[in-house]
Every structure is written in C-alpha cells, then in structure tokens.
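Q: Heads up: the sequence shown begins at 4 in our numbering, then just goes up one per residue.
Beta carbons: idealized from backbone N, C-alpha and C, even for Gly.
Mind looking over this structure? Questions follow.
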Amino acid sequence: MLNTINIMIDGIETKVAKGTTVLEAARDLDIHIPSLCYLKGVNHSSSCRVCVVEVGPRLIASCTLKAEEGMKIQTNTKKVREARKTSVELLLSDHDRECLSCSRSGGCELQTVSNDLNIRTVTYVGEKSSQEKDYTSPSIFRDASKCILCGRCVGACGTMQTVGAINFAKRGFDTVISTAFGRPLEESTCVNCGQCIMACPVGALTEHENINDVWNALENASKYVVVQTAPAVRVALGEEFGLPVGTRVTGKMVAALRKLGFDKVFDTNFGADLTIMEEGTELISRITSGQNLPLMTSCCPGWVKFMEHNFPDRLDNLSTCKSPHEMEGAMVKSYFAKKMGIDPKNIVVVSIMPCTAKKFEGSREELSNESMQDVDWVLTTRELAAMIKEAGIDFVNLKGETFDSPIGEGSGAAVIFGATGGVAEAALRTVFEITSGKDLETIEYTAVRGMDGIKENVIELPNGQKIRTAVVHGLGNARKLMEAMERGEKAYEFIEVMACVGGCITGGGQPIVDARTSERIDIKAERAKAIYTEDEAQTVRKSHKNPYITALYEEFLGTPNSHLAHELLHTHYVKRSKF
Ligand code: FES
Numbered sequence: 004m005l006n007t008i009n010i011m012i013d014g015i016e017t018k019v020a021k022g023t024t025v026l027e028a029a030r031d032l033d034i035h036i037p038s039l040c041y042l043k044g045v046n047h048s049s050s051c052r053v054c055v056v057e058v059g060p061r062l063i064a065s066c067t068l069k070a071e072e073g074m075k076i077q078t079n080t081k082k083v084r085e086a087r088k089t090s091v092e093l094l095l096s097d098h099d100r101e102c103l104s105c106s107r108s109g110g111c112e113l114q115t116v117s118n119d120l121n122i123r124t125v126t127y128v129g130e131k132s133s134q135e136k137d138y139t140s141p142s143i144f145r146d147a148s149k150c151i152l153c154g155r156c157v158g159a160c161g162t163m164q165t166v167g168a169i170n171f172a173k174r175g176f177d178t179v180i181s182t183a184f185g186r187p188l189e190e191s192t193c194v195n196c197g198q199c200i201m202a203c204p205v206g207a208l209t210e211h212e213n214i215n216d217v218w219n220a221l222e223n224a225s226k227y228v229v230v231q232t233a234p235a236v237r238v239a240l241g242e243e244f245g246l247p248v249g250t251r252v253t254g255k256m257v258a259a260l261r262k263l264g265f266d267k268v269f270d271t272n273f274g275a276d277l278t279i280m281e282e283g284t285e286l287i288s289r290i291t292s293g294q295n296l297p298l299m300t301s302c303c304p305g306w307v308k309f310m311e312h313n314f315p316d317r318l319d320n321l322s323t324c325k326s327p328h329e330m331e332g333a334m335v336k337s338y339f340a341k342k343m344g345i346d347p348k349n350i351v352v353v354s355i356m357p358c359t360a361k362k363f364e365g366s367r368e369e370l371s372n373e374s375m376q377d378v379d380w381v382l383t384t385r386e387l388a389a390m391i392k393e394a395g396i397d398f399v400n401l402k403g404e405t406f407d408s409p410i411g412e413g414s415g416a417a418v419i420f421g422a423t424g425g426v427a428e429a430a431l432r433t434v435f436e437i438t439s440g441k442d443l444e445t446i447e448y449t450a451v452r453g454m455d456g457i458k459e460n461v462i463e464l465p466n467g468q469k470i471r472t473a474v475v476h477g478l479g480n481a482r483k484l485m486e487a488m489e490r491g492e493k494a495y496e497f498i499e500v501m502a503c504v505g506g507c508i509t510g511g512g513q514p515i516v517d518a519r520t521s522e523r524i525d526i527k528a529e530r531a532k533a534i535y536t537e538d539e540a541q542t543v544r545k546s547h548k549n550p551y552i553t554a555l556y557e558e559f560l561g562t563p564n565s566h567l568a569h570e571l572l573h574t575h576y577v578k579r580s581k582f
C-alpha cells in the first residue's frame, strides 16, 4: 500500500502510515521512548534530545524523525541510553533542583525522566543562567531558574493561542524565555489563560498563588468568608487525589470546603444562571435593535483581554455582562448581605476556578462596587487541592454534601458552562422559551456541542427569527474567526468564545496532565462527558426555571437588564496596547 511504510523497531517489524514519526510508531508498539520537549500538536522543536534513537550510525531525535521505508531503529542501545543521560544531566546542571519545595514535585516531567534514566548524581556543575523570577502578573508566576528552555510554553502561547506574549530571546548560554523587550509579564499582551502552565513540564510556570491570603481570611474571626465553585472544578478536582479523569466529585468538594472553614459554600452555577438571564435578554434586545451584533460572550476573561489587545475596535460587540463568578460575588455583597444583615465590607468572597485568568479578572477595578471588589480572591482547582491536602482532609472518603442556599444553587444549563458550547446551549434553552412563551421539550442543542474548533449553526427561534451562531474554543480559532469577520467573509448574531481548547474544563488552573498521559487519555472528552452527565442529573435544567433566580428578580433586581441589574451585573472593557 502506498500510504503505509514498513519499518523495524528493536527487531519488531511494523507498518505505519506515511508521515508517522518514529516516536509515535514506537509508542504504538508500547515501546517507551522518553521525551521532554515534545508536546503533541503544541511543540515539535526537538530541542531537548531526550528522545534520541539509533538509526544506522546516527543518533536522531525520534519526536520529529519521520519513518521511512525500510528504516531500522534501535531505541535501547548503550549509545542511546548514554546520550539521553547526558542530555538530561546537562539540563539538571542549569536547573535550580529545589525539588522538595517545588509545586510540581511528584508531577515534574524532568524529575520523571531523570528517575527513569537512573540519574543519581549531577555530573556537570558550574555557572547557572537566568535566575529571574517574575511575580508581577496576578495570574501567572514565572521562575526562570527552573526553566529548561524546552519551548512548550512558547508553542502553547504562540502557535496554539496566537497570543505570542513570550518567546525565546538572546543566544547561547544567555537564552531565556521572555516577553517582548523583557518587560514584566503584567505589562505584556499575556491574556492570563495559563495554557503555558499546562504545557510546562517543570515548575517554571505556575499560578500566582493566593492560598495564604485565603487561610488568613478564614482565620480572621471578623470576616464572613463565602466560597463559590465553578462548574469545571467538580469534574477535575478528583484527579488531584488519584481519582480517574472525568470523576464527578461535587458533593465531596462541598464537604471539603466546609471542613476548611468557609461560612457558606455556594455554586457559581447560580451566577451562570444569572448570566443567562442578563445575556439572553441582551441578545434579544440587540437582535431587536440591530445594534452591536454579533453579541459575543464575555464570561471568559482570557478571551476578553485577547479582544482588548487585538480587536479593540470590536469591544462593543462583547456582552456587557460580568462573568458568572463576578455576578455571584456582586450578589453576595448586596442581596445576600442585606438578607443576612451582614456588612458587605466584612464579607470575603473566594472563587474556586479552573482558570488563571480569573485571578486577573478578579483584580480589575471595573469589577467592583462602592470600592469593594466583587470577588476578593481566586484560587485555581490546583490551589484548592493543595489546601485540602494541607488541612489533612481525607478527600476520597468524604461523604457528599450539598451547596448552601439561597444563592448557592444552579441549573443544569449552568453546569454546562464548563465545556465549549455550554454557554450558547444554556442561552438557547432560555431564549427559545422566552421568545415562544411556552415550555419546550427540546433542551439539548447538540449542534453546539463537540470539540470542532469552530462550530457554526443557524438556529431558528419559535418566532421565526434566525440566529446565526458560532461557537469557538482556543484563541487560535477565535483569531481565525475574527479575521474572517474583518474580511467580511462571515457574519453572525451570536458568538460564544472560550479561550482554552475544550473550554473551562481544560483551563489553566486545572490539574496538570503530563504529556504522555494526555496522548493516551482524551482529557477534554472525559471531563466534558462528566459535565453533561451532571447536567442530566439536575431536576432544573434551564436558567430561567431556577427558583432562586426567580426569587432574586422578584425580591431585589426587578427584571433582567433593569437599572439595578445594570449597576451590579454589567461592566465595560478597556482598549489595550497590541504590543
Ligand atoms: Fe524529542 Fe525533546 S527532542 S522530546
């Protein structure tokens, strides 16, 4: 057959498709070749040389070596093992090696490779290159002393997300990963999505940690500390405790948060339902007036900052709605505070998010009311896991508990916010019923589900109105769509964008999955499946049917998009530099 090639790996004859790399072919045969800089679909720079194999007299990096007819490959000779060891020893010589206190200890790919290669001493000792640490970003912390210059973060930021906030700079021993002109990350075009963290094999990139800030709040007797959790956290947190990918741990998570000492445990799904009420109304009104179309979702802070830097003339297209956790925070410090008779200045709102960009979002001055931030601290899923471990809680054996009321419960529509297409589907469930004025049986809009980068659909409302919809995930895809619109090739009424590929389920604050595991398990698909199962398990699956939402409008806000709703639940955006 023309499209297959015969090769031999370690004496085993095999047929592979043309274009297959030797690394892929070996893995198909369950032959383990270590790798470090290679990250499928993100980085193929073959810079670390850890994956070398012997082909004839030559040692070649297998991650970029395409199989050729008749090729004979040796993966386990003395020459190969020594070359791999030397490459890793050289990396270790310029690494800070503070493994005991590193946040990636136990999940560090350099540590794994070193152990697998039986490296027991650091052979090369000498001068170290850059030791720079950058704490300036509220979302992401960079530690150059741990960087191994593999380029995986550069691939994630540039190739995948088309943000390009970081790249290689300087030459030789002075080579570093840097922002343009070496500016602090905070002053760069970084959108805080954290996909660089997810790509980093070591501890050179992590979230800007706020664990101690939250411990301090919990220990302050004068503070009433409320926590809320985003939908995507509950389908990933279990992985930090050894549970399989896609395990739902909603009840255990709530129980753990109570044990940590939070006064109320709320579900951000309530905020998501509120977002749908406000954004759905905004969509209907923009379609009616014909202004500022298409309406683009604004729940994702990575996407919002991407727009601010790259398409500042399109900011009027973004929904003015705050994101769900910001709405929830605003309601905790107004409606809930009033109901409970608590001075909002004594309330601390903590959001547990799958996302590092939410940390930046939480600090935006536009997202405050009467000089109080809607949300005080944002922790990632990983930080929550770290707190649970620090507190000695036996997470796996916890008995499930339920969220607090009255603003703590959400619908199934809100749960699916965690996956790409979820916001659009939740909005459609509500917009369909509001425009038809009756309950509809169809509530699953599967056309907006799935992992295609850009999904397009024309949805006809019961009143005959057509809504041309696009659902996009990954900023690389978002840029493609925006550029097609700028060229006049595409037009829509409604666009949902999530900055991370797959949506919030694979956000930059979620448990990190090493490169090897992510090749074997479809993380996005497993977590998305769990999200849709969680939706199906809910009795209320439409935002406007959430009784707590109805009560909130009746008792406090009036109607969606009312004056008070605008004051507390809507925001504006900032034009930023392109460089
Ligand atoms: Fe192949 Fe780095 S050169 S994994």
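Of the residues 302, 468 and 193, which one's Cα is nearest the Cα of residue 434?
A: Stepping through the sequence shown from its first residue, residue 434 is reached at position 431. Of 302, 468 and 193, the residue nearest in Cα terms is 468.
Q: Could you work out which residue in 132, 134, 10 and 97 is closest to residue 77 when comparing CA atoms only?
A: Looking up residue 77 in the sequence shown gives position 74. Minimum Cα distance to residue 77 is reached at 10.
Q: So residue 384 is in the alpha helix (DSSP H); what residue range does that whole segment cover?
A: Position 381 of the sequence shown, counted from the start, is the residue given in the question as residue 384. Residue 384 -> alpha helix (DSSP H) spans 384-393.
Q: Are the segment 396-413 and the segment 163-174 in contact at 8 Å, needing three or more beta carbon pairs?
A: Flag = no, the segment 396-413 and the segment 163-174 do not touch.
Q: Enumerate in chain order the residues of its own chain whose CB-to-CB distance from residue 436 is below 8 Å, with the five nearest sequence positions on each side excluded.
A: Numbered from 1 along the sequence shown, position 433 holds the residue referred to as residue 436. So the list reads 442, 443, 545 and 547, once near-sequence residues are dropped.
Q: First and last residue of the alpha helix (DSSP H) that includes residue 291?
A: Here residue 291 is taken as the residue at index 288 of the sequence shown, counted from 1. Unbroken alpha helix (DSSP H) run through residue 291: 271-292.
Q: Examine the ligand FES and report whether any of its heavy atoms sits within less than 7 Å of the Cβ of residue 41.
A: Here residue 41 corresponds to residue number 38 of the sequence shown, with the count starting at 1. Yes - the ligand FES has a heavy atom lying nearer than 7 Å to the Cβ of residue 41.
Q: From which residue to which residue does the alpha helix (DSSP H) around residue 567 run?
A: Numbered from 1 along the sequence shown, position 564 holds the residue referred to as residue 567. Looking at the DSSP string, the run of the alpha helix (DSSP H) that includes residue 567 is 566-572.
Q: Look up residue 471 in the DSSP assignment and say whether it is helix, strand or coil.
A: As a first step, residue 471 must be located in the sequence shown, where it is residue number 468. In the structure shown, residue 471 sits in a strand (DSSP, three-state: E or B).
Q: So, is residue 400 buried or exposed, given that buried needs 16 or more other C-beta atoms within 10 angstroms?
A: By one-based count along the sequence shown, residue 400 stands at place 397. Classification for residue 400: exposed.
Q: So what's residue 143 in DSSP terms, helix, strand or just coil?
A: Position 140 of the sequence shown holds residue 143. Strand at residue 143.
Q: Between the segment 531-538 and the segment 412-422, are three or more C-beta pairs nearer than 8 Å?
A: Touching, yes.
Q: Closer than 7 Å by C-beta to residue 91: which residues in its own chain qualify, once you throw out the five before and the five after it? Chain order, please.
A: As a working mapping, residue 91 is identified with position 88 in the sequence shown. Around residue 91: 53, 116, 117, 120 and 122.
Q: So residue 76 is in the beta strand (DSSP E); what residue range does that whole segment cover?
A: Indexing the sequence shown from 1 puts residue 76 at position 73. Where residue 76 is concerned, the enclosing beta strand (DSSP E) stretches over 75-77.
Q: Mind checking whether residue 451 and residue 418 have CB atoms under 8 Å apart?
A: In the sequence shown, residue 451 corresponds to position 448, counting from 1. In the sequence shown, residue 418 corresponds to position 415, counting from 1. No. Outside cutoff.
Q: Within 10 angstroms of its Cβ, does residue 466 collect 16 or more other Cβ (buried), or is it exposed?
A: As a position in the sequence shown, residue 466 is number 463, starting the count at 1. Looking at its Cβ environment, which holds fewer than 16 other Cβ atoms inside 10 Å, residue 466 is exposed.
Q: Would you report the Cα separation of residue 552 and residue 66, rounded to the nearest angstrom?
A: Residue numbering aside, residue 552 sits at position 549 when the sequence shown is read from its first letter. Residue numbering aside, residue 66 sits at position 63 when the sequence shown is read from its first letter. Each residue's Cα considered, the two are about 52 Å apart.
Q: Under 8 Å by Cβ, that's how I've got residue 169 and residue 160 pegged, so tell me the actual separation to the nearest angstrom.
A: Counting from 1 along the sequence shown, the entry for residue 169 is found at position 166. Counting from 1 along the sequence shown, the entry for residue 160 is found at position 157. So it is a contact: roughly 5 Å between Cβ atoms.
Q: Ignore the nearest five residues each way along the sequence and tell me which others in residue 226's own chain have a CB closer than 8 Å to its CB.
A: Here residue 226 refers to the residue found at position 223 of the sequence shown. Result list for residue 226: 220, 349, 350 and 351, in chain order.
Q: Of all the options 477, 463 and 356, which has the alpha carbon lying nearest to the alpha carbon of residue 234?
A: Here residue 234 corresponds to residue number 231 of the sequence shown, with the count starting at 1. If we check each option's Cα against that of residue 234, 356 comes out closest.
Q: How far does the beta strand (DSSP E) with residue 227 in it reach, from first residue to last?
A: Counted from its first residue, the sequence shown places residue 227 at position 224. Where residue 227 is concerned, the enclosing beta strand (DSSP E) stretches over 227-232.
Q: Going straight from the alpha carbon of residue 102 to that of residue 249, what length do you get?
A: The residue given as residue 102 occupies position 99 in the sequence shown. The residue given as residue 249 occupies position 246 in the sequence shown. Their Cα atoms are separated by approximately 29 Å.
Q: Report yes if the CB atom of residue 310 is closer than 8 Å to the CB atom of residue 498, and no otherwise.
A: Position 307 of the sequence shown, counted from the first residue, corresponds to residue 310. Position 495 of the sequence shown, counted from the first residue, corresponds to residue 498. No, the pair does not count as a contact, with Cβ atoms beyond the cut-off.
Q: Can you give me the Cβ contacts of residue 4 inside the same chain, cut-off strictly under 6 Å, excluding the 5 residues immediately before and after it?
A: For the purposes of this step, residue 4 is taken as the residue at position 1 of the sequence shown. Reliability fails at residue 4, whose pLDDT of 49 lies under 50, so the model's placement of it is uncertain and the value that follows must be treated cautiously. Hits under 6 Å: none found.
Q: By the DSSP assignment, the alpha helix (DSSP H) with residue 261 in it spans what residues?
A: Counting from 1 along the sequence shown, the entry for residue 261 is found at position 258. 253-263 is the extent of the alpha helix (DSSP H) around residue 261.
Q: Using the Cα positions of residue 80 and residue 57, report the straight-line distance between them to the nearest angstrom.
A: Working through the sequence shown from its first residue, we reach residue 80 at position 77. Working through the sequence shown from its first residue, we reach residue 57 at position 54. Answer to the nearest angstrom: the Cα atoms are 8 Å apart.
Q: Under 6 Å Cβ to Cβ from residue 493, same chain only, skipping five residues before and after it: list those, please.
A: For the purposes of this step, residue 493 is taken as residue 490 along the sequence shown, with counting starting at 1. For residue 493, where only same-chain residues beyond five positions count, the Cβ hits under 6 Å are 487.
Q: Keeping to the same chain, check which residues put their C-beta closer than 6 Å to that of residue 354; ignore five residues upstream and five downstream.
A: Working through the sequence shown from its first residue, we reach residue 354 at position 351. Counting only Cβ-Cβ distances below 6 Å, and skipping sequence neighbours, we find 231, 328, 378 and 381.
Q: By Cβ distance, which residues of its chain are closer than 7 Å to residue 188, with the 5 residues on each side in sequence left out?
A: As a working mapping, residue 188 is identified with position 185 in the sequence shown. The answer, listed in chain order, is 137, 139, 140, 143, 145 and 182.
Q: So the alpha helix (DSSP H) residue 19 belongs to, where does it begin and stop?
A: Position 16 of the sequence shown holds residue 19. No alpha helix (DSSP H) contains residue 19, which is instead part of the beta strand (DSSP E) from 15-20.
Q: Which same chain residues end up closer than 7 Å to residue 97 when comparing Cβ atoms and leaving out the 5 residues on each side of it in sequence?
A: Within the sequence shown, numbered from 1, the residue matching residue 97 stands at position 94. Result list for residue 97: 131 and 132, in chain order.
Q: Cβ of residue 159 versus every heavy atom of the ligand FES: is any distance shorter than 7 Å?
A: As a first step, residue 159 must be located in the sequence shown, where it is residue number 156. Checking the Cβ of residue 159 against the ligand FES gives no.
Q: Let me check you understand the geometry: is the CB of residue 64 closer than 7 Å to at least one non-hydrogen atom of the ligand FES?
A: For the purposes of this step, residue 64 is identified with residue 61 of the sequence shown, where counting begins at 1. Yes.
Q: Roughly how many angstroms separate the alpha carbons of residue 73 and residue 17, rounded to a whole number?
A: For this step, residue 73 is matched to residue 70 along the sequence shown. For this step, residue 17 is matched to residue 14 along the sequence shown. Cα to Cα, residue 73 sits roughly 10 Å from residue 17.
Q: What is the DSSP secondary structure of residue 498, counted as helix, strand or coil?
A: Walking along the sequence shown from the start, residue 498 turns up at place 495. Three-state result, residue 498: strand.
Q: Give the secondary structure of residue 4 by DSSP, where H, G and I count as helix, E and B as strand, and everything else as coil.
A: Position 1 of the sequence shown, counted from the start, is the residue given in the question as residue 4. In this predicted model, residue 4 has a pLDDT of only 49, less than 50, meaning its place in the structure is not dependable; the value taken from the coordinates is given anyway. Note: residue 4 maps to coil in three-state DSSP.
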